[in-house]
Amino acid sequence: MMNRPIAVFDSGVGGVSVLRALRKSMPAENFVYFGDSENAPYGSRPYEEIRELTIRHAQRLLDEAKALVIACNTATSVAAQELREMYPQHIIIGIEPALKPAVERFPEGRIAVMATETTLRERKFEELMRLCGRSCHIIRCPCPELVSFVERGELDSEDARSAIAKGLMPALESGMDAIVLGCTHYPFLKKAIRAVVGENVQIFDGAEGTAKETQRRISHAGLLREGEGTLLLTNSLEPMAKLSETLLNMNC
Ligand code: DGL
Numbered sequence: 656m657m658n659r660p661i662a663v664f665d666s667g668v669g670g671v672s673v674l675r676a677l678r679k680s681m682p683a684e685n686f687v688y689f690g691d692s693e694n695a696p697y698g699s700r701p702y703e704e705i706r707e708l709t710i711r712h713a714q715r716l717l718d719e720a721k722a723l724v725i726a727c728n729t730a731t732s733v734a735a736q737e738l739r740e741m742y743p744q745h746i747i748i749g750i751e752p753a754l755k756p757a758v759e760r761f762p763e764g765r766i767a768v769m770a771t772e773t774t775l776r777e778r779k780f781e782e783l784m785r786l787c788g789r790s791c792h793i794i795r796c797p798c799p800e801l802v803s804f805v806e807r808g809e810l811d812s813e814d815a816r817s818a819i820a821k822g823l824m825p826a827l828e829s830g831m832d833a834i835v836l837g838c839t840h841y842p843f844l845k846k847a848i849r850a851v852v853g854e855n856v857q858i859f860d861g862a863e864g865t866a867k868e869t870q871r872r873i874s875h876a877g878l879l880r881e882g883e884g885t886l887l888l889t890n891s892l893e894p895m896a897k898l899s900e901t902l903l904n905m906n907c
């Protein structure tokens, strides 16, 4: 069991931003990454389709893995709870927008949350806001166009910057102290986001928190490995495995 891989799942190549953090904190682990680029973006699909796709891929990955990390905020909001109920004996970790550290840093600040429409609409996000967002002003910024830029490998172009500015419009109008990147594709757009908001806005993402929680759960189950880890990058669109590799090795 210990030598089984940790499976990492996303709607496409975005979850590679979480995979990077996972490998950094657990270099001895074996990882299998699966991105469903054929069906990305999930965020603008009907709820039932996101649920069905996530459960189908998760079931297949769980057959081979010692743990599953859902490195997709959208899939987590829709299906993580149901999967945990279906597989109570498995370790299933889902990512969520890093609102908590942002609120801790700016308890009375203005915090923009960039995410897919689904993530911002779902009950999970409402609960997160209730838990940690009481004192500050949270500005929801749905950015439906951004996932496709990353899937195309278009990380910093005029069009990408315009789409970011469009999504962030409500926060740009009122001003903001921080941005939470509530979609795992967005860390790859950081340079373009910086070009839009400037240097004084702090940017948070959930990759490190998710890696820490995964390590804690695997260690608690006595399943942490020693030695040298391996990595297999896969995708429902075969050529996208190459883009995943490029993103994995990028310094951003
Ligand atoms: N990386 C996914 C997320 O974190 C993107 C969802 C999508 O495909 O729209 O939400």
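Sequential numbering from 656 applies to the sequence shown in the numbering used here.
Note that the Cβ used here is the ideal one computed from N, Cα and C, for glycine as well.
At least one CB of chain B closer than 9 Å to the CB of residue i: is that the case?
| i | result |
| --- | --- |
| Arg795 | Looking at the structure shown, chain B is missing, and only one protein chain is on hand. |
Cα separation between residue i and residue j?
| i | j | result |
| --- | --- | --- |
| Gly788 | Leu754 | 8 Å |
| Arg880 | Val851 | 42 Å |
| Pro696 | His840 | 10 Å |
| Gly884 | Phe686 | 8 Å |
| Ala722 | Pro842 | 24 Å |
| Tyr702 | Leu708 | 10 Å |
| Ser899 | Glu854 | 28 Å |
| Ala896 | Arg706 | 23 Å |
| Phe859 | Thr901 | 22 Å |
Determine whether the beta carbon atoms of residue i and residue j lie at a separation below 9 Å.
| i | j | result |
| --- | --- | --- |
| Thr774 | Ser699 | no |
| Ser672 | Ala818 | no |
| Ala826 | Cys796 | yes |
| Ala833 | Ala767 | yes |
| Leu887 | Pro660 | yes |
| Met769 | Ile848 | yes |
| Gly670 | Val802 | no |
| Asp665 | Ala735 | no |
| Tyr742 | Leu717 | yes |
Pull the bridge partners of residue i from the DSSP assignment, please.
| i | result |
| --- | --- |
| Gln870 | Paired residue(s): none; Gln870 is not in a bridge. |
| Arg765 | His792 |
| Thr847 | The residue you asked about is not Thr; residue 847 is Ala in the sequence shown. Paired residues: none, contrary to the question. |
| Thr889 | Phe689 |
Is residue i helix, strand or coil when you go by DSSP?
| i | result |
| --- | --- |
| Arg776 | helix |
| Met656 | coil |
| Ile705 | helix |
| Gly822 | helix |
| Ala753 | coil |
| Asn906 | coil |
| Val805 | helix |
| Gln857 | strand |
| Val668 | coil |
With residue i and residue j assumed to form a contact (beta carbons below 8 Å), what rounded beta-carbon distance in angstroms separates them?
| i | j | result |
| --- | --- | --- |
| Glu763 | Cys791 | 6 Å |
| Glu737 | Ile710 | 7 Å |
| Val733 | Thr869 | About 20 Å; that fails the 8 Å criterion. |
| Asn890 | Phe689 | 7 Å |
| Asn658 | Gly837 | No, Asn658 and Gly837 are not in contact; Cβ-Cβ is about 34 Å, not under 8 Å. |
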